[in-house]
Amino acid sequence: MDKIIIEGGKPLNGNVTVSGAKNAALPVLAACLLTGGWHRLENIPKLRDVRTILRIMAQLGVVFREEEGAVMVNSDDLNAYEAPYDLVKTMRASILLLGPLLARYGRAKISLPGGCAIGARPVDMHLKALVAMGADMYLEEGYVNARADCLKGAEIFFDIQTVTGTENIMMAAALAKGKTVLKNAAKEPEIQDLARMLRGMGADIEGDGTDTIVIRGVDRLAPTAHTILPDRIEAGTFMIAGAMTRGDVTVQGCRPEHLEALMEKLQTAGARVQVEGDRVRVRGPDAIESVDVTTLPFPGFPTDLQAQFMAFMCTGKGSSVIRETIFENRFIHVSELLRMGADIEISGNQAVVKGRPHLLPAPVMATDLRASASLVLAGLVAEGGMTEVHRIYHLDRGYEAMEEKFRGLGASIRRERA
Ligand code: EPU
């Protein structure tokens, strides 16, 4: 298996451009199932998770072609309705195909995603909402089998805000009969990006970006052209890297308004953060102040940046308390950071990070995408040897050309192919 080798200790300097957002690209691709015709999608990141959803969609009869940097998607010949276990087990977001398949095809058979490294991650709220819209659903041999001759609008209250749950139901409701109201809906920017795509297709959606979304079903949708929004988690990872290595990094092509919670924490930690249009410049402090962080749904501090921020806090001046409130098991990076000399104690959903002057190089690995990113960041500041990050297929799921981008900022980092 490939690994990444890092010789840490160099401040990062320069500009880096953000790719399209993984968590926006996946639902937008799924939305292409809602109608035939050629959709034109720009800024689709080259990621393993994107390849996985394309493979599943190809098995459903969807056709793709690349054209001048855009991905063209056509589902005229949709002829199957099953997302098989061997692909779904590598990417939970495959559940996003359920809503559109039911709405367009009236049937769907999707392998139920199991738990994953960061928690149990049930999809009960997706299923409950579709049942409320008139779908019949049963579980057999690990697959959700769903049928609906005609989905009907419904009033749905989500017990917990769910990002892909909100997206799934928005897509199903776009073609349902009548009005669907989603209450306690998730407010993440990726939801607004999907809503923009759906409106481009002729859907009637209001309220995305707030916790109440109203969708009035239409009889048919039409193909559209859409540009995926920049990845706020990738942008945030590079911003933290700039601060952590005490460097001077400008992240360009991002949406600073999606990164306010992180920018506030970086400033409190002593970094200088300057926003200019779609660019954020981050200059690291001489001494890193320890700050507390609690993960929350958007616009709060994202759980997808918790591991990276924890790596940053490992070399802070004092103690930082990091609380994870979204996923019950998202501290898998901690045991690996400890191997690099970090001082972290976990108690329930809280980690207390006592800053140390240095981290030490070590071979490490993680079983989750963002945890792996935090180990790369730790490797960038670990002096006196080489840090090897193993199992980097997790990184390839969500970061496009990560090591090239870090090299462009002056990092000594390379991939060794197995
Ligand atoms: N939940 C339920 N029942 C459900 C759905 C969710 O109990 O039916 C719980 C989850 O277990 C979790 C909480 O609700 O405790 C929120 O989960 P959510 O459904 O919002 O997560 P998700 O939609 O599965 C997306 C991102 C994740 C990101 C989370 C939270 C995509 C494809 N994935 O997951 O991204 O961490 O929202 O913001 O959009 C990543 O990119 O590394 C990643 C894990």
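Numbering (the numbering used here), first residue to last: 2 to 419. C-beta atoms are modelled at their ideal positions from N, C-alpha and C, and glycine is treated no differently.
Are there any heavy atoms of the ligand EPU lying less than 7 angstroms away from the beta-carbon of residue i, as far as the coordinates show?
i	result
Ala367	no
Arg197	no
Val89	no
Arg49	no
Val164	yes
Phe328	yes
Ile234	yes
Gly380	no
Arg93	yes
Val29	no
Ala187	yes
Pro123	yes
Leu111	The sequence given here places Ile at residue 111; Leu does not occur at that position. Checking the Cβ of Ile111 against the ligand EPU gives no.
Thr304	yes
His127	yes
Leu370	yes
Glu337	no
Glu191	yes
Asn24	yes
Gly120	yes
Ile161	yes
Gly399	yes
Spatial neighbours of residue i within its chain, please: C-beta separation below 8 angstroms, excluding the five flanking residues on both sides.
i	result
Thr316	Met245, Ile289, Gly356, Arg357, Pro358, His359, Leu360, Val382
His395	Ala367, Thr368, Asp369, Leu370, Ala372, Ser373
Cys117	Arg93, Asp369
Gly319	Glu290, Ser291, Lys355, Gly356
Ala81	Gln60, Leu61, Gly62
Asn350	Arg324, Glu325, Thr326, Glu329
Arg200	Ile206
Excluding the five sequence neighbours on either side, which residues of its own chain have a C-beta within less than 7 angstroms of the C-beta of residue i, listed in chain order?
i	result
Ile45	Gly21, Ala26, Val51, Val72, Ile229
Val215	Lys180, Val182, Glu207, Gly208
Asp150	Gly107
Gln193	Asp209, Gly210
Gly271	Pro286, Ala288, Ile289, Glu290
Glu83	Lys110
Glu401	Ser20, Pro46, Lys47, Leu48
Could you tell me which residues DSSP puts in a beta bridge with residue i?
i	result
His227	Leu42
Phe65	Val74
Ile323	Val294, Ala352
Val276	Val281
Leu140	Val145
Lys110	Glu83, Asn146
Phe302	Thr296
Ile5	Val390, Arg416
Gln60	None; Gln60 has no bridge partner.
Val124	Looking at the DSSP assignment, Val124 forms no beta bridge with any residue, so it has no partner.
Thr18	Gln253
Cys117	Gly120
Kindly list the residues whose CB is nearer than 6 angstroms to the CB of residue i, restricted to its own chain and excluding five residues on each side of it in sequence; keep chain order.
i	result
Pro28	Leu97, Glu168, Leu195
Arg284	Asp249, Arg273
Ala343	Cys315
Leu113	Gly143, Val145
Met366	His391, Arg392
Arg416	Asp3, Ile5, Glu404
Lys406	Val17
Glu43	Ala71, Thr228
Arg280	Thr251, Gln253
Glu189	Val164, Phe299
Ala31	Leu97, Leu98, Pro101
Thr213	Lys184
| query | What residue ranges within the stretch 343 to 418 form continuous beta strand (DSSP E) runs of no fewer than 3 residues, ordered along the chain? | reply | Here the runs fully enclosed are 344 to 348, 351 to 355, 364 to 366, 388 to 391, 413 to 417.
| beta strand (DSSP E) segments (min. 3 residues) lying fully within the stretch 152 to 221 | You should have 156 to 158, 180 to 184, 205 to 207, 213 to 217.
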